[in-house]
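A.B. asks: Numbering (our numbering), first residue to last: 6 to 484.
Ideal Cβ placement from N, Cα and C applies to all residues, glycine included.
Okay, handing you the structure first.
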Amino acid sequence: MTGSIRFILNGELREVSDLPPSTTLLQYLREQAHLTGTKEGCAEGDCGACTVAVGRLKDGKVDYQSINACIAFLPTLDGREVVTVEHLKSKTGKLTPVQDAMVKCHGSQCGFCTPGFVMALSTLMHNTKNANDEDIQDAIAGNLCRCTGYRPILDAARMANKDKDRALPSDAKALKNIQRTKMFAYEAGGAKYFSPVTVAEFADIYAQYPDATILAGGTDVGLWVTKFHMELPVIIYTGNVEELRQIKETPDGLDIGGAVSYTEGFSALAAYDASIENLLKRFASVHIRNAGTIGGNIANGSPIGDGPPPLIVLKTKLVLRSKAGARTLNLEDFFLAYKKQDRKPGEFVEKVIVPKKPAGVQFRVYKISKRFDQDISAVCAAFALDINGGKVTEARIAYGGMAGTPKRATNAEVALNGQSWNEATLQKAMTALDKDYTPMTDMRASAQYRADVARNLLKRFYIETTEPDVETQVYRYAE
Ligand SMILES: Cc1cc2nc3c(=O)[nH]c(=O)nc-3n(C[C@H](O)[C@H](O)[C@H](O)COP(=O)(O)OP(=O)(O)OC[C@H]3O[C@@H](n4cnc5c(N)ncnc54)[C@H](O)[C@@H]3O)c2cc1C
Ligand code: FES
Ligand code: FES
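Given below as structure tokens:
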């Protein structure tokens, strides 16, 4: 095997050929490049101390997104540009507006979290001409500060937002020179890494190494290494396979590739209903959403993943591909039991097919977690009811966090089908939910809480669809 990892770091080409593939970008920055402005707090994507901007070519320009360097494996940066806090400067060569405002608004005390906040805000300012308060809060929801408090940081963001000097340094030409047209193969420290660029290449190499770890956004896999110290002898990366990164609108709905990020995939789905957009804001943090993928969220089979419940009630099909060809199944049938999925050796998630939502279908998704931002669901509920002339002709309900897999509420659905959509039917369906699930108690919620919340979310759905003027939304901050 050959090859060195090539990427642009703060305007300079870097080539790495001797570090194991599961070396994180953060380890490289601090230990090899001696760029210690990027900090390590949690090493699991939760605190944002390691936030950097990563650029990749999109339509000839560099598209920057903030990510957590602590869980990004170095080879995934091949063909990308990395900007760290050391590289920021204003047009006059002085502090950037974000850095300057952090000083003027006293947005930093011990300073440990500050580079992460500065990078999160600088990426926001680069991408958004005039960020509003909601945008600002969203951009830094994945960044923790233990001593300053958030108000001065918000003040700093608002002040910087008024400045026009907001572009990150960019070098599209240098990036073009390091793009690959064929699979990148890398080996170091006894471990192998493959980054195919076509689906056919992916299927071939996975057939050759059926025990390999598929790596997508690494928001799970990264933690296997940083927290569980797992060895990953062979890794196959989805992030450079163009077909897996596409979202296609078809006459029947949307085809979303397995390596499409949460940010992009769920933004496309937001047209189905505003509650999807609300769910997206509640999904982890912007940095995790930029990395984590639809395929990864499904393939990991987590019972508390936020993607499956809404996709299941929207009748999503899952396309699995291997060297032998592709097969299509209903998404709900993929989840067999706790952490057991219907995936044969050599198969990977190629795409999901989300049908158009027919007119007349009432759809909502709700997430319940202890915090608004950056928290895993205790319960995630999705409802799609086809209501004609006041009667439910088809009910589809799915919950996450209530069983060992994301699961349909078949008893509640039976209680609704063919019935008038009224209070009496609602009560029957709420009672039927008790037969559908035996939730467990864990650190996120007790079994009783989960059961109560599941019933009450169905009630909330009923209220929202029958009394549209009643305000039921949950906001990040009370004004
Ligand atoms: C701080 C933090 C917050 C989080 N918050 C949330 C949250 O709010 N809601 C939520 O649902 N999840 C959350 N997660 C979990 C995680 O982000 C998701 O499960 C994520 O979508 C996983 O996708 P990924 O692309 O990062 O997958 P990876 O970590 O790369 O992979 C996950 C698994 O899927 C497999 N895989 C990936 N792609 C494919 C493919 N195309 N075909 C076959 N197998 C594949 C991998 O081999 C691995 O087993 C959070 C994680 C972190 C670290
Ligand atoms: S070190 Fe905490 S998110 Fe990376
Ligand atoms: S300034 Fe100390 S953690 Fe934020």
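Mapping DSSP to helix, strand and coil, what is residue 166?
C.D. replies: Helix.
A.B. asks: Got a sec, what are the start and stop residues for the beta strand (DSSP E) residue 335 sits in?
C.D. replies: From DSSP, the beta strand (DSSP E) with residue 335 extends over 330-335.
A.B. asks: Can you tell which of 434, 469 and 139 has its C-alpha closest to the C-alpha of residue 459?
C.D. replies: Comparing Cα positions, the closest option is 434.
A.B. asks: Return helix, strand or coil for residue 75, following the three-state DSSP convention.
C.D. replies: Note: residue 75 maps to helix in three-state DSSP.
A.B. asks: Using DSSP bridges, identify the partner residues of residue 442.
C.D. replies: Note: residue 442 sits in no beta bridge, so no partner.
A.B. asks: For residue 87 and residue 58, I'd like the C-alpha separation in whole angstroms.
C.D. replies: So the two alpha carbons sit approximately 6 Å from each other.
A.B. asks: Are at least three pairs of beta-carbons, each pair with one atom in the region 347-355 and one in the region 381-391, less than 8 Å apart?
C.D. replies: In short, these stretches do not touch, since the Cβ pair count stays below three.
A.B. asks: If you follow the alpha helix (DSSP H) that residue 389 is in, where does it begin and where does it stop?
C.D. replies: Residue 389 -> not in any alpha helix (DSSP H); beta strand (DSSP E) instead, spanning 384-393.
A.B. asks: Is the number of C-beta pairs between the region 55-73 and the region 100-111 that are closer than 8 Å three or more?
C.D. replies: No, they do not touch.
A.B. asks: For residue 122, tell me which candidate among 165, 97 and 81 has the shortest Cα-Cα distance.
C.D. replies: Among 165, 97 and 81, the Cα nearest to that of residue 122 belongs to 165.
A.B. asks: Using CA atoms only, rank isn't needed, just tell me which of 356, 371 and 318 is closest to residue 285.
C.D. replies: Of the candidates 356, 371 and 318, the one whose C-alpha sits nearest the C-alpha of residue 285 is 371.
A.B. asks: Does DSSP put residue 360 in a helix, in a strand, or in coil?
C.D. replies: Of the three classes helix, strand and coil, the one that applies to residue 360 here is strand, per DSSP.
A.B. asks: Would you mind giving the Cβ-Cβ distance between residue 241 and residue 210, rounded to the nearest angstrom? I have them listed as a contact below 8 Å.
C.D. replies: Right, the Cβ-Cβ distance comes to about 6 Å (below 8 Å), so this counts as a contact.
A.B. asks: With a threshold of 7 Å on Cβ separation, who are the neighbours of residue 44 within its own chain once the five nearest residues in sequence on each side are excluded?
C.D. replies: Closer than 7 Å at Cβ, skipping near neighbours: 54, 55, 117, 120 and 121.
A.B. asks: Going straight from the alpha carbon of residue 483 to that of residue 288, what length do you get?
C.D. replies: The pLDDT assigned to residue 483 is 45, lower than 50, so where the model puts this residue is not dependable; a value taken from the coordinates is nonetheless given after this. Between residue 483 and residue 288, the C-alpha separation is close to 20 Å.
A.B. asks: Which residues does DSSP list as the beta-bridge partners of residue 60?
C.D. replies: 69 and 86.
A.B. asks: Could you name the residues, in chain order, whose CB is less than 6 Å away from a heavy atom belonging to ligand 2?
C.D. replies: In chain order, the hits are 45, 46, 47, 48, 50, 51, 52, 53, 54, 55, 73 and 75.
A.B. asks: With contact counted as at least three CB pairs below 8 Å, one residue from each stretch, are the region 257-276 and the region 176-195 in contact?
C.D. replies: No, because fewer than three Cβ pairs between the region 257-276 and the region 176-195 fall closer than 8 Å, the two stretches do not touch.
A.B. asks: Mapping DSSP to helix, strand and coil, what is residue 484?
C.D. replies: Residue confidence for residue 484 is low, a pLDDT of 42 falling below 50, so the modelled location carries little weight; the figure read from the coordinates is stated next. Looking at residue 484 - three-state DSSP - the assignment turns out to be coil, as it is neither helix nor strand.
A.B. asks: By the DSSP assignment, the alpha helix (DSSP H) with residue 104 in it spans what residues?
C.D. replies: Start and end: 102-109.
A.B. asks: Between residue 156 and ligand 4, is there a pair consisting of the residue's CB and a ligand heavy atom that are separated by less than 6 Å?
C.D. replies: Absence of ligand 4 is noted for the structure shown, with ligand 1, ligand 2 and ligand 3 being the only ligands found.
A.B. asks: For a test of the three-state rule: what should DSSP assign to residue 472, helix, strand or coil?
C.D. replies: Reduced to three states, the DSSP call for residue 472 is coil.
A.B. asks: Mark residue 18 as exposed unless 16 or more other C-beta atoms lie within 10 angstroms of its C-beta, in which case mark it buried.
C.D. replies: So residue 18 ends up on the exposed side.
A.B. asks: Return the CA-CA distance between residue 352 and residue 292, expressed in angstroms with no decimal places.
C.D. replies: About 28 Å.
A.B. asks: Strictly by DSSP, which residues pair up with residue 397?
C.D. replies: In DSSP, residue 397 forms a bridge with 392.
A.B. asks: So what does DSSP say about residue 206, is it helix, strand or coil?
C.D. replies: Reduced to three states, the DSSP call for residue 206 is helix.
A.B. asks: Can you determine whether any heavy atom of ligand 3 sits closer than 6 Å to the C-beta of residue 207, and answer yes or no?
C.D. replies: For ligand 3, not one heavy atom lies less than 6 Å from the Cβ of residue 207.
A.B. asks: Any idea if residue 446 is buried or exposed, counting beta-carbon neighbours within 10 angstroms, 16 or more meaning buried?
C.D. replies: Label assigned to residue 446: exposed.
A.B. asks: In angstroms, rounded to a whole number, what distance separates the CA positions of residue 172 and residue 219?
C.D. replies: When rounded, the distance between both Cα atoms is 34 Å.
A.B. asks: For residue 333 versus residue 320, is the C-beta spacing smaller than 7 Å?
C.D. replies: Cβ atoms of residue 333 and residue 320: not closer than 7 Å.
A.B. asks: Using a Cβ-Cβ cutoff of less than 7 Å, which residues in the same chain neighbour residue 399 once the five nearest sequence positions on both sides are dropped?
C.D. replies: Around residue 399: 391 and 422.
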